[in-house]
Amino acid sequence: MALVFRTTIPDVEYIAPATIEELVEIKARYGDKAAILAGGTVILSLLRMGLRYEYLVDIKRVRELASIEHSEGKGISIGSAVRLREIEENSVIRDRYGVLWEAVRQIGDHHLRNRATIGGNILNPTLQADTIPPLLVLGAYVDIISIRGVRRVPLKSLVSGDQSLGSDEILARIYIPEPPRGSRGGYFKVWWIMGIAAHIERIDSLGERRVRIAYTSASKKPLLIEDLDEIFRQDKSPGDLIREAIEHIRIRIDPPTDPRASREYREHLVEFGTAYLLRRLLSMG
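Per this note's numbering, the very first residue in the sequence shown carries number 1; after that it's consecutive.
This is how it looks when you write it as structure tokens:
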């Protein structure tokens, strides 16, 4: 049964459903009047700053949203209410999805990671959401639930705006396919200014590679570059391949200027961070 009581935030009613069924019924009933609460690191700050909702729906009691499930050879599924600390401490994510593990370890401090959730980070309204670049390069999908059922969409469609959450929908789970054996990835971050994830998959025994790189704050929305394979098929030195890749990426970015950093500085970070990650990953074999 859902718990319901008033909060210390003016004019907001707190509801804590215990099941998926209760949760989707509540969201169907209240729609945009209801804000989802998981870790609370973002939404509570926004409420105190004046953002108005009539209902605060706490999803932490819904067990289906708070688990990490791995299927050997298929991939891993992470509930949207899973705390970042749980991801950091998960050995499967550390060993097989290292780019996500690296990114999570660089989010805030351990106090923040004990509260913040992966779903909240993905839906963070700021430009800098550190879990998005690694999830993009890993080819993640998300399950979105409502009273009408479940729909699965690529994360890149959600963050690009091609798909969106309806007023009655909730981000439920994140699915990441199992990377091929020998894959490797890394994450580069400069404060709250930019995050870059790179991932290289070895497709076959002849050395064929699939290379994906994703950025926050290199454009108005998270940017995924996934058309680099032709460049890395060439018989050139790693340095030449990296320079050609950066030239290809440079024409795709459109970084903003804001109080955190200028456009020019972000352009520099794209080049520096991309080169750093590619040198590191290519040197790993």
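All C-beta atoms in this analysis are idealised placements derived from N, C-alpha and C, irrespective of residue type, glycine included. Values in this document were obtained by computation on a predicted structure and should not be read as measured data.
| Check | Outcome |
| --- | --- |
| Just to confirm the assignment: which complete beta strand (DSSP E) runs, minimum length 3, are found wholly within the segment 97-179? | 141-146, 149-154, 170-177 |
| Do P238 and R279 have their beta-carbon atoms positioned less than 8 Å apart in this structure? | yes |
| Using a threshold of 8 Å, state whether the C-beta atoms of L84 and I107 are closer than that. | yes |
| Quick check on D31: does DSSP put it in helix, strand or coil? | Correcting the residue identity first, residue 31 is Gly in this sequence and not Asp. In the structure shown, G31 sits in a helix (DSSP, three-state: H, G or I). |
| Go ahead and pull the three-state DSSP assignment for T19. | coil |
| When you compare each of D235, S219, K220, R212 to L228 by their alpha carbons, which one comes out closest? | R212 |
| Cβ atoms of G186 and A198: under 8 Å apart, would you say? | yes |
| Just to confirm, are V12 and E64 a CB contact at a threshold of 8 Å? | no |
| Tell me which residues share the same chain as K33 and place their Cβ nearer than 8 Å to its Cβ, disregarding the 5 neighbours each side in the sequence. | Y53, E54, Y55 |
| For I231, I'd like the list of residues in its chain whose CB is within less than 7 Å of its CB, leaving aside the five on either flank, ordered along the chain. | L241, E244, A245, H248 |
| Considering only the beta carbon of each residue, do D143 and G31 sit closer than 8 Å? | no |
| Using the rule of at least 16 other Cβ atoms within 10 Å of the residue's Cβ for burial, across every protein chain shown, is G195 buried or exposed? | buried |
| Leaving out five residues on either side along the sequence, give the residues of the same chain with a beta carbon under 8 Å from the beta carbon of H110. | R85 |
| Can you tell me the Cα-Cα spacing of T274 and I20, whole angstroms? | 41 Å |
| Taking only the alpha-carbon atoms, compute the straight-line gap between K27 and V57 and give it to the nearest angstrom. | 8 Å |
| Could you spell out the range, first to last residue, of the beta strand (DSSP E) harbouring L281? | Per DSSP, L281 belongs to no beta strand (DSSP E); it is in the alpha helix (DSSP H), 263-282. |
| By Cβ distance below 6 Å, which residues in the same chain neighbour S77 in space, the five residues on each side in sequence not counted? | E69, R173, Y175 |
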